[in-house]
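A short write-up of the structure that comes next.
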Amino acid sequence: MGLEDYHVVELIGEGGFGKVYRARRRGTGLVVAMKFIVKKGKNEKELRSLRQEIDILTSLNHDNIVMLLDAFETQTEFVVVMEYAKGELFEVLEDDRSLPEEQVRGIAKQLVRALQYLHSKRIIHRDMKPQNILVGRNGTVKLCDFGFARAMSCNTMVLTSIKGTPLYMAPELVQEQSYTHTADLWSLGCILYELYYGQPPFYTNSIYTLIQQIVRDPVKFPEPISPAFKSFLQGLLTKNASARLNWPGLATHPFVAETPEDARLVLANAERDRVLRERLATLGGFQLTKRQGAGDAPAYGGHANDDDDDADPRRRGSGNVQIDGPSGPTARPGSSSSGASGANNDGAPSQNSNLRASTGGRGGVALLRRSGTSLHQQTFSDAAINAVGTDEPAVRLRHLSAMLQTATAAAATPIQSAALFERLARTVLFRNLAECAAHADADVAGAAIHTLAAFLHPTEGSVMPLPGIGATTSGKGKATQTASSVVMQRSATPCGEAELRHAAATAVGNHAGALQALMFHATNRTALQDASLRVLVHCGRHSPKFTTIAVQSQAFPPLWSALLAASDAPRDDRSMLHAAALGLLLVADSARIVRASTPSTLQPERVAGFAAALKARVARIGAVQEEPVDVPSLNVDSAAAFALAALVRDLPDVCKVALDRPVLRGAVAHIHRVRRAKGLAMPITPRALGTGYGFPEMGALDGAVSLLAMALSDTDSWLYADAPVDALVQASNAAGTSVPDPTLSTAAFLADDVGAVDALLRLLKDADEKGTTELTPAATLSLVRAVGTVAVQGEQRTRSLRFLSATLPPEAAATAGAGGHTGSASAAAAAGSDAPGEVSVMLLLSWLLRTGYLSMVSHWPVTAGGGRGVAAQTAHSAVQVIAMVYLTPARTPTTAAPGDEKQAQEAKAQEQQSLQALQQAVYRDGVMGNLVNALDVLGQGQLGACFSLIARVVLVSLHLARSFVDCGGLLPARVHKLLNKKEVPATVVVDMLSIMCHLSRASKEYYPAIHDANAYDSLRILLQQDDPQVRIKTCNLVGNLFKHSNFFFQHLRDSGVLKEVAACCKDPDPGTRKFACFAVGNAAYHSSKVYAELRPIVPSIVEMLTAPDDKARQNAAGAVANLVRNGPELLEPLLEAGAPSVLLAQLADPAARRVALIATYALCTHEQGRAAFRERGIEAEIVTIERDVSVEAARNGAPPEAMTVKYLQRLREKLGMRAKSPPPPPQTMAHPLKEAGDVASSPPGS
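Residue numbering for the sequence shown follows the UniProt record's numbering, beginning at 1 and increasing consecutively.
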């Protein structure tokens, strides 16, 4: 359609993107909104981006997303036709300023549904704001403008008007960091905040100030606001994107949880949209066409006519375009139908067809794209898929040729091909391809195998970076994007590749003929050998059952024999190198399963010889002094190291390969060679080792690292020989090599003359987000565990942590001599070093916990060695080593001479200083932030060790306590997780409570952060837990929350926490009762408002005065004192509970006397209390106590205890007794309880 099909009525909006008009479809009563987006001033990249956004919108179908009805392009503008909604949410804000919470909740539910749908479709809105949210007549909320504003103008964000400021942008966006769909969730929080409070959480006309506020300032939540709404907003407005409230928990949050009424409204809206779509279909629908060629102005419909501008308030275009009908191209009346259809009579597209269509006028040729149909979908239509499995060979071949071409293109652009992948995985395509792979017609079989290989192991497209690589490269080798941004973008738009490849592997594995054909070609080096090996390798990696089925095939023994015979591909036969590398990978993946499923096929002797040949090949790498980087040979060497490591690990009794110096020297040399090569041609392409495109399933260094890691993880390895440095140097010089770095070898326990540790540490440095590496996450995990083993061995063998404080020398110095290779400044620079800077082993491990790297690993596909599990294990392994720095006491190093006590003491002191210096260095580098970040990826069983370490250091260091808060340790989502006994171990809950206790006790400056954590509901639930330790710690925390002020009173009372604490005073567990008394006593210290809550538990507190535990009695006495400190409301209940009698008995007991005096004095400040004590003879008791105190002081030759004397004198004054001569001035007044209120300022139970 074009402008001639619409009558433009009036302008209804405009902005930096263009103008929006209300219009009517000609010949109907359908009212629409037409957005005109001006092309002028936009470069070709921006225009392509906008076309892509429009293309994406054609597939959306959701009640809360504005329906795209039509889109076309003129020479000067894009025109987008949408359903017409009543108005913007921005207008609601302008009219009403703010909305009631229930109305906000209704809007929130609809926006959550819209975003959940978008994010499930792998679409990020990127421009959420009230102006992009429309409200229909029936109150239905509609989301619109998917990235248009961003695509249209680069200067939108520098405007000074409110609409031009980043009011709703997430911190990661305003800082220009990588982002995911969680940026939309921050914007959602800002919008809901503004709906309720009348302005966004951060609001200023200065863009610089606004950005600073978004990044740094906490969000404030003025009362009143319900706990559920506040929790929801806090979760969305979490500055740390990885800790932000996310799917699926967001959709089930209590504030937006669906109700039956919501479900009814959703159904009603869906029915309304269905009726609208049926009406559109009756009217002829809309057909979007995609532009072909730079010279064709119209991209989505008829051409423009610049001379026709007299029909509407806007100029009118003309021109017609051929439209796809149900069974092929048909022409609209008045259009030309001379264009080629691009299809054969049998319905199969020809290989050179682009489905061309003719357009009238000056529009040129456009590539047809019917709504919901594309070239990919036509090539893989149900009819075409069925034809591949049933028709004559000529027809099959025609379809397969088109499918191969399309599959190659689709696999190279998996994000754009997501819908195709998801659909194909559910069809019979791969079953039919497997059948064709076994077809008697060689051309049919070849086309089918190549198509399978294109899907399973694509060789075209940009190579995606492994986690840790700093940048991915374009085809010309130029860095284009950071690894983090690429991975996060890919994670936000998963492409269904794993599902598709699993379907392919399953189909091939279930077809015996296909298996035999693939194995035949792989065995006999036919023209299909390479493609067949690609299929076999990746089928095994994407289907757990495939290899088990494959090794039982009759064709497998010949293939196995051929693979074992091809262990050493000649370097001069380049045509064989790619297949050789694939063959090595197939052996590595199959050996263990061959032994388990068909041991008769294994041929142990040949496997042993094969492993020996691999060992010789790896060792030969270290014997070569210097050679140019040859990518095909590098691939084979990488595969050889990988296969050798797999055989040593999986078949140790068969291979019996010793990881001696030559093989480890070869592995180290291979590492240095690959790290140098990255400056020339990395990532390596074509990748025999991975998928070519997408997420590589193996890095070029996985094998070499696995060999070194296995050697270092063996504590009986020759690497741990107790040789002195001098001997190591002499031995290395005799062998013609050098010790890479004696400071890392640390002499006393490590005999590493091949540079294994140095090589691993350099890769560990490369694994940092700013570096480069060729390691999968699983291989990096092996590396970290190996370094951890070295650290433990170093501490055990030397009683020192000097290995962790040892520094990695500059690159050039380290590469010299490793495997005979010479280093240079240029080589060091090529390997990404910081020469001449140095970094310690400890800092390298701490860096691994940074958000960037762990986040990348978490989002990496599980099928490619990534995922949350590997990220959690990596973090856990790093945390275990870091814990050594804080949990290992300083000991006398083994370097001290035996029997020399002075030298031993000096050595221990030096070790203590080194340990403190190491702790300070790690602190300066942000270890607390790294540990807190690790909490987001650790699994339930791994949280304990990490958080125990955090608790340990927070409780002993005020600096680290401050750092814990600054690094987001008290973010609401994180605190809720750590206080949820259903999600984390009880030890983690107790540690979190201990940290909050410590912070609240340390300073009231932490009160706002603790309050913002919004843990009140969690505390109430914990007070009801069966575990007494949890109840004790929670009561202790509540008590300390009242230590400095009454800041928390209202929140603790309103949330029901105080009520639960009071109930704990009657708890059957004595420890819980003791700390509950402490909590209610401190609560009562600040205000009489709490007295009403505490009246029912007065008898229990009085009963605690006679508890056998000293601390319990002290807490009870302090509580009694504070229950009358601010008023007499509870005096009568205390007297009725017998408090005077109990306290008089306590006064007679010297061990309990001091705290009893405090409570007695507090009661005597009231006339009714004094009367009660007089009736019980308190005056005589005071005289007796004074005499006993004087006698005791004389016996000890010291003045009487100051606190006792002070309160005895105060009691005399209150009771009107004659003043007693004061005792001599006391020497000291040191006692924590100076007055009744000191129960709160120096809590006995803290």
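In this text, a Cβ means the ideal position worked out from N, Cα and C, and glycines have one as well. Since we're looking at a predicted model, the values are computed, not measured.
Residue 1062 sits buried, since 16 or more C-beta atoms from the chains shown fall within 10 Å of its C-beta. No Cβ-Cβ contact shorter than 7 Å links residue 902 with residue 844. Of the residues assessed, residue 796 falls on the exposed side of the cut-off, its CB having fewer than 16 other CB atoms within 10 angstroms.
For residue 176, there is no enclosing beta strand (DSSP E), since its DSSP letter is neither H nor E.
Collapsing the DSSP output to three states places residue 169 in coil. The bridge partners DSSP lists for residue 7 are 24.
Beta-bridge annotation (DSSP): residue 420 is not paired with any residue.
Considering only 996, 1004, 1029 and 1003, the residue with the shortest C-alpha distance to residue 1014 is 996. If you draw a 10 Å sphere on the C-beta of residue 600, you find fewer than 16 other C-beta atoms in it, and that means exposed. Distance from the CA of residue 942 to the CA of residue 988, rounded to the nearest whole angstrom, comes to 10 Å. A direct Cα-Cα distance of roughly 20 Å separates residue 31 from residue 18.
Inter-segment contact for the segment 1196-1205 and the segment 1171-1179 is absent: fewer than three beta-carbon pairs are separated by less than 8 Å.
For residue 1111, the enclosing alpha helix (DSSP H) stretches over residues 1110-1123. Contact annotation: residue 965 and residue 1033 have beta-carbon atoms that are not nearer than 7 Å. In this structure, the alpha-carbon of residue 36 lies about 23 Å from that of residue 64. The Cβ neighbour count for residue 617, taken over all protein chains shown within 10 Å, is at least 16; the residue is labelled buried.
Residue 857 is positioned such that its CB atom lies closer than 7 Å to that of residue 871.
For residue 73, the enclosing beta strand (DSSP E) covers residues 68-73.
Within a 10 Å sphere around the beta-carbon of residue 1191 sit fewer than 16 other beta-carbons, which makes this residue exposed. CA-CA distance, residue 1039 to residue 240, rounds to 30 Å. Residue 937 carries a coil assignment under DSSP once its states are collapsed to helix, strand and coil. Within the DSSP bridge table, the entry for residue 642 names no partner. Cβ neighbours of residue 183 within its own chain (closer than 8 Å, five residues either side excluded): 124, 126, 169, 170, 172, 173 and 241.
Of the other Cβ atoms in all chains shown, fewer than 16 fall within 10 Å of the Cβ of residue 220; this residue is therefore exposed. Listed in chain order, the non-local C-beta contacts of residue 1152 below 7 Å within the same chain comprise 1113 and 1146, local neighbours out to five positions each way being set aside. Classified as buried, residue 234 has 16 or more neighbouring CB atoms from the shown chains inside 10 Å of its CB.
Taking C-alpha positions only, residue 759 is separated from residue 780 by approximately 13 Å. When rounded, the separation of the alpha-carbon atoms in residue 933 and residue 880 is 15 Å. Our two residues, residue 1089 and residue 1130, have alpha carbons roughly 12 Å apart in a direct line.
In this structure, residue 877 keeps its C-beta atom at 7 Å or more from the C-beta atom of residue 928. Straight-line spacing of the CA atoms in residue 1003 and residue 1048 works out to 14 Å. By the 16-neighbour rule on beta-carbons within 10 angstroms, residue 223 is exposed. Each residue's CA atom was taken as its position, placing residue 1167 and residue 1128 some 10 Å apart. By the Cβ-count criterion, residue 635 is buried, with 16 or more other Cβ atoms from all chains shown falling within 10 Å of its own Cβ. Listed in chain order, the beta strand (DSSP E) elements of length 3 or more contained wholly in the segment 406-460 amount to none.
DSSP, read as helix, strand or coil, puts residue 38 in strand.
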